[in-house]
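Numbering (our numbering), first residue to last: 9 to 95.
So this is what it looks like as structure tokens:
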């Protein structure tokens, strides 16, 4: 994959998307077949993915934390405004 391709927003192939996500090609194909990850297949050809769709997949199901990072010190400290997901 050339530098221009990385920067121009071009869609990723199955191989490139698997590397981006850290998944095997087989598992990524399974996710596409089951409709769990968005993809494009123009004219029934190769599979393509957008980086934005892959990022959304990676960052789905966010869980709250009982800690926050203090912007001044960079240290983690308890987040009293959040119960850490406990109910």
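Backbone N, C-alpha and C define an ideal beta-carbon position, used for all residues, glycine too.
From a predicted model like this one, the values you see are computed outputs, not experimental measurements.
Quickly, what does DSSP pair residue i with across the bridge? List them, please.
i, result
"residue 67", "DSSP, once it has assigned bridges, lists no residue as partnering residue 67."
"residue 20", "57"
Short of 7 angstroms in beta carbon distance, which residues of its chain neighbour residue i, apart from the five on each side in sequence? Order them along the chain.
i, result
"residue 75", "84, 85, 86, 87"
"residue 17", "none"
"residue 40", "47, 55"
In or out: residue i buried (at least 16 other Cβ within 10 Å) or exposed?
i, result
"residue 25", "buried"
"residue 9", "Low confidence applies here, because residue 9 scores a pLDDT of 48, under 50, leaving its location unreliable; read the following figure in that light. Exposed, because fewer than 16 other Cβ atoms sit within 10 Å of the Cβ of residue 9."
"residue 69", "exposed"
Between the Cα of residue i and the Cα atoms of the options, which residue gives the shortest distance?
i, options, result
"residue 37", "56, 63, 78, 81", "56"
"residue 34", "67, 82, 23", "23"
"residue 50", "60, 29, 21, 82", "21"
Excluding sequence positions up to five away, which residues of its chain have a Cβ less than 6 angstroms from the Cβ of residue i?
i, result
"residue 65", "45"
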